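In our numbering, each number is its position in the sequence shown, counted from 1, plus 39.
Have a look at the structure below, then the notes.
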Amino acid sequence: AATLREARALAGEVDLLILDLVLPDGNGLDFLRSLRARSDVPVIVLTSRDEETDRVVGLEIGADDYVLKPFSPREVAARVRAVLRRAAKGGQPEEKPLRAGELSLDARTRKAAVGEHDLALSRTEFNLLALFLRSPGRVFERSQILDAVWGSDVVVGDRTVDVHVKALRRKLDDAGGDSRVLETVRGVGYRLRDG
């Protein structure tokens, strides 16, 4: 795909993505961030950005490998084979279950619980809770939540975030948890209370 629009359309149909960070219609890192919220497809970043911070950010938000331009086609092909081999073996590092107090979430099994009480969450609620649990204490603006959970290619309003946070809080309360763990940061967004 030559554009982010084409990449979004193909993201669910490919075994691996090779992603350039500089695209005519958007930022590759933003696309990678939104992709990681909903897909585990392996991604190799291919770019001319050679700053260490660019490489670190790319890998931290979900790239499986990072190749700098100019590159050798043989090296890229070998890296593609290696990433696909790891993915076929389940070689992605296993994400450990996430916890905050009695609240737990296991991304591998797609289960969330408050103590011994399982939470019946929609896919969106699960992804929203996972976002908060991966970064306790971090304040997420509504726009960041929209991009991470719904993706930048889906058109929904800020109120959508509020409605889903309210539903998630209700389910936490119903399971005997403390819905106040999801704090509203007035005028900004939400965060998971840390500690």
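Using N, Cα and C, we set each Cβ at its ideal position, and we do this for glycine too.
The model shown is predicted, which means the values in this text are computed figures rather than measured ones.
Local Cβ density within 10 Å of residue i, reported as buried at 16 or more and exposed below that
i	result
residue 210	buried
residue 179	buried
residue 109	exposed
residue 66	exposed
residue 204	buried
residue 81	buried
residue 101	buried
residue 202	exposed
residue 225	exposed
residue 196	exposed
residue 127	exposed
residue 54	exposed
residue 95	exposed
residue 162	exposed
residue 49	exposed
residue 118	buried
residue 86	buried
Rounded separation between residue i and residue j - CA only
i	j	result
residue 171	residue 113	40 angstroms
residue 41	residue 59	9 angstroms
residue 125	residue 145	21 angstroms
residue 73	residue 215	31 angstroms
residue 169	residue 212	17 angstroms
residue 130	residue 103	Reliability of the predicted coordinates at residue 130 is poor, the pLDDT of 46 falling under 50, and the value obtained from them is presented with this limitation in mind. For residue 130 and residue 103, the distance between alpha carbons rounds to 10 angstroms.
residue 153	residue 185	25 angstroms
residue 44	residue 63	10 angstroms
residue 135	residue 189	23 angstroms
residue 79	residue 89	25 angstroms
residue 233	residue 97	26 angstroms
Simplified DSSP state of residue i, which is helix, strand or coil
i	result
residue 91	helix
residue 152	strand
residue 165	helix
residue 190	coil
residue 62	strand
Where the beta strand (DSSP E) containing residue i begins and where it ends
i	result
residue 143	142-145
residue 223	221-224
residue 228	228-231
DSSP beta-bridge partners of residue i
i	result
residue 184	The partner list for residue 184 (beta bridge, DSSP) is empty, contrary to what the question assumes.
residue 135	None; residue 135 has no bridge partner.
residue 179	229
residue 241	The displayed coordinates of the chain run from 40 to 234. Any statement about residue 241 would go beyond what the structure contains.
Range of the contiguous alpha helix (DSSP H) that encloses residue i
i	result
residue 42	Neither: residue 42 is in no alpha helix (DSSP H) and is coded neither H nor E.
residue 202	197-213
residue 126	112-127
residue 73	67-75
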